[in-house]
Amino acid sequence: MNSNARDRRKFVSIAVIATCALVLGVGLSGCCTASQAEPASKASENPTPVPATVEWKSKEVLVSDVELIGDVAIAYRHQGPQLEIIARNLKNGKQLWKDEALGAADALGVDLDIELVKHGGRHYAAYAGTKTGAYGWLTITDISTGEQVKIGKNFEFWGDRPFACGKTFCTEGSKVSNGQLLERQHFKFNWSSKQWQAVPTLELEYCLQRGGHSLFTGLSSYWDEDIEMLSYSKGSKTLWNRPYEEVFGKGYSSTAGWAWGTAGEDVEILLGYGQHAQDDFFESDKKTATYKLADLSKLVSVDAKSGKVLWRQNGASSMCGAASEQGSAAPNYTIVLCYYTAGQRKLTDKGDGYYSRSTKGAAWSVAAFEASTGVRKWKHKLSDVNKYAERLREAGMPTTEDPISILPLAGGDKAVHSLDGTVMPLEEAVGNDVLCTLDREAYFVYSATLGTESPSLSKAAGDSRFDDAQMVCKRGSWKPTMDVPDVDEFRRAGYKTEDVVVLSQIEGMVAYRLAEPAGN
11 MNSNARDRRK FVSIAVIATC ALVLGVGLSG CCTASQAEPA SKASENPTPV PATVEWKSKE
71 VLVSDVELIG DVAIAYRHQG PQLEIIARNL KNGKQLWKDE ALGAADALGV DLDIELVKHG
131 GRHYAAYAGT KTGAYGWLTI TDISTGEQVK IGKNFEFWGD RPFACGKTFC TEGSKVSNGQ
191 LLERQHFKFN WSSKQWQAVP TLELEYCLQR GGHSLFTGLS SYWDEDIEML SYSKGSKTLW
251 NRPYEEVFGK GYSSTAGWAW GTAGEDVEIL LGYGQHAQDD FFESDKKTAT YKLADLSKLV
311 SVDAKSGKVL WRQNGASSMC GAASEQGSAA PNYTIVLCYY TAGQRKLTDK GDGYYSRSTK
371 GAAWSVAAFE ASTGVRKWKH KLSDVNKYAE RLREAGMPTT EDPISILPLA GGDKAVHSLD
431 GTVMPLEEAV GNDVLCTLDR EAYFVYSATL GTESPSLSKA AGDSRFDDAQ MVCKRGSWKP
491 TMDVPDVDEF RRAGYKTEDV VVLSQIEGMV AYRLAEPAGN
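Going from the sequence shown to the working numbering is simple: count from 1 and add 10.
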């Protein structure tokens, strides 16, 4: 079985696991049975660890996770300033095909995901391609052959990347006429006519009718005059609309950043991480402003059916626990959260659009909360937050689907059992080399085909967010290493049954074999 399933390979941003329930964060799903309530098995208790083996490597600068379908490994990369989509043979890493792609027009950033749809027994990828002299060109390509679908009445386009919607592709953006962008529309690809067709406004979710954007599956944000609204839908039915500030608090906005997840077998609870926009400073003539750290971020638990806020926790931190790239999982609707308990942040206007920020007196803790009630199950103090932040600059974030959290406790990094708070040494929870995530270097996408003038002026420029690299790190230091982890570490990170896994690392794709092919 070869799989880099999207819900598994994009390490979690908000993770809560109810017994055998699907949980989606900004990317991970998982399932824990009741037996997983016991502490994770000790790595030292396995006398004969089985090492994975490296099948092949590619040399390229990737900016997305790698999607595996059949014998194809496909991802986005960049060559200088331009973006490309590239497909490789899973068996040997040889290039099958590549094509130039464009950035996206969403000012909030659009994740560089490979979106695939199966049609007529073939798998297709859709992306914003290039056409000489045009803004862009919506492209659909057979991932095995690189052959492009001949699209009827195609048009110059500038907008979001196409995404999978049911059995076809959808997108939002503008047609171009005589070099001018027309009104933004929603489009859906019709396989029968081989055309992109505009979706009538009344057929869209209410939020999209109002020009909103998606935050999470079924959850969107839109503006009603000067009030930002949250809207939640199931299918075509809108369940509720609520002011964003009623959910998070005054001054909060999705423009400052967000992450969402769920808890429950039928998405009973929505869990949201939000940030204060600090518009009272950025949209004023103030030269300085001071905020409490606990007031700048928050985690909320929301009843999915009614939109009622069940509980809130101020000061949620994205540097460890459930709101971080590491994630945290445990049975019985438990969420492990790092949060600020003290400290202030000062913003200073330096002029010419430059700002500085400084923090003092920061302190934080970690606790486990019951997802539906907010009842605290356990709590630990954490180490110096500034030293930890400094350490993270050159280190990765360890990942695990086991019901443990790797946390910077006051006495050093430890593994903490998520359900009961039991502390254990790292070597009893993870191996010497572990899977981790690492920030990628940011850059602005523009096109070699369409011109390389200043990105802010270029019709090919686009704001992009890049998935974190999937690396291997040394236990304790969490520094990247070229060493190969044991198979157990891949299983612990969520690759439960795969024979081959391809990680999207800083220097390219790396294919690891975890098990021999059937019949060997």
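We put the CB at the ideal spot given by N, CA and C, even for glycine. This one's a predicted model, so the numbers in the text were calculated from it and none came from an experiment.
By alpha-carbon distance to K141, the top candidate from T151, A111, D152 is A111. Of the candidates A135, D121, V64, K108, the residue whose Cα lies closest to the Cα of I79 is A135. Classified as exposed, W233 has fewer than 16 neighbouring CB atoms from the shown chains inside 10 Å of its CB. Annotation for Y254: S231, E238, M239, L240, Y262, S263, S264 place their beta carbon closer than 7 Å to its own, counting only its chain and skipping 5 residues before and after. In the pairwise beta carbon analysis, the region 411–419 is classified as not touching the region 508–515: fewer than three pairs are separated by under 8 Å. Contact annotation, Y145 with E166: C-beta distance approximately 5 Å; criterion of less than 8 Å satisfied. Taken in chain order, the whole alpha helix (DSSP H) runs of length 4 or more contained in the region 221–276 are 254–258. Within the same chain, and ignoring the five residues on either side of E157 in sequence, no residue has its Cβ closer than 6 Å to its Cβ.
Between G384 and S316, the CB-CB gap reaches or exceeds 8 Å. Taking a cut-off of 8 Å on C-beta distances, the region 360–369 does not touch the region 401–411, as fewer than three cross pairs fall below it. Taking 8 Å as the cut-off, the Cβ atoms of E65 and R523 count as close. Annotation: D359 is outside any alpha helix (DSSP H); the continuous beta strand (DSSP E) that includes it extends over 344–361. About 35 Å separates the beta carbon of S375 from that of S74, a gap too long to meet the 8 Å contact definition. Shortest Cα-Cα distance from W321 to any of K484, W201, Y283 involves Y283. Y145: not part of any beta strand (DSSP E); DSSP gives it neither H nor E.
Look at K302 here: in three-state DSSP terms it is strand. If you draw a 10 Å sphere on the C-beta of T155, you find fewer than 16 other C-beta atoms in it, and that means exposed. A contact between stretches requires three or more CB pairs, one per stretch, nearer than 8 Å, and the region 437–450 meets this requirement with the region 485–501.
Per DSSP, R367 is one residue of the beta strand (DSSP E) stretching across 364–380. In this chain, the beta strand (DSSP E) harbouring N99 covers 92–99. T447 is bridged by DSSP to M407, Q480.
Counting along the chain, the unbroken beta strand (DSSP E) around R132 starts and ends at 132–139.
In the three-state scheme derived from DSSP, where H, G and I count as helix and E and B as strand, K308 is classed as strand. Take N396, set aside five residues on each side of it, and the residues of its chain with a beta-carbon closer than 8 Å to its own are T369, A372, in chain order.
A direct Cα-Cα distance of roughly 19 Å separates Q219 from L191. Taking the CA atoms as reference points, T149 sits about 21 Å from F476. Runs of beta strand (DSSP E) with 3 or more residues, each lying fully within the region 188–213, are found at 195–200, 205–208, listed in chain order. Rounded to the nearest angstrom, the gap between the Cα atoms of E193 and S184 is 6 Å. One thing to note: T432 has its Cβ no nearer than 8 Å to the Cβ of A479. For E499, the enclosing alpha helix (DSSP H) covers residues 497–502. S334 and K424 have their C-alpha atoms roughly 16 Å apart. Ranked by how close their Cα comes to the Cα of S307, the residues T298, C348, M519, D394 have C348 in first place. P418 is bridged by DSSP to D423. Taken through DSSP and simplified to helix, strand or coil, R401 comes out as helix.
The C-alpha of F226 lies about 24 Å from the C-alpha of A378. The alpha-carbon separation between D81 and V71 amounts to approximately 21 Å.
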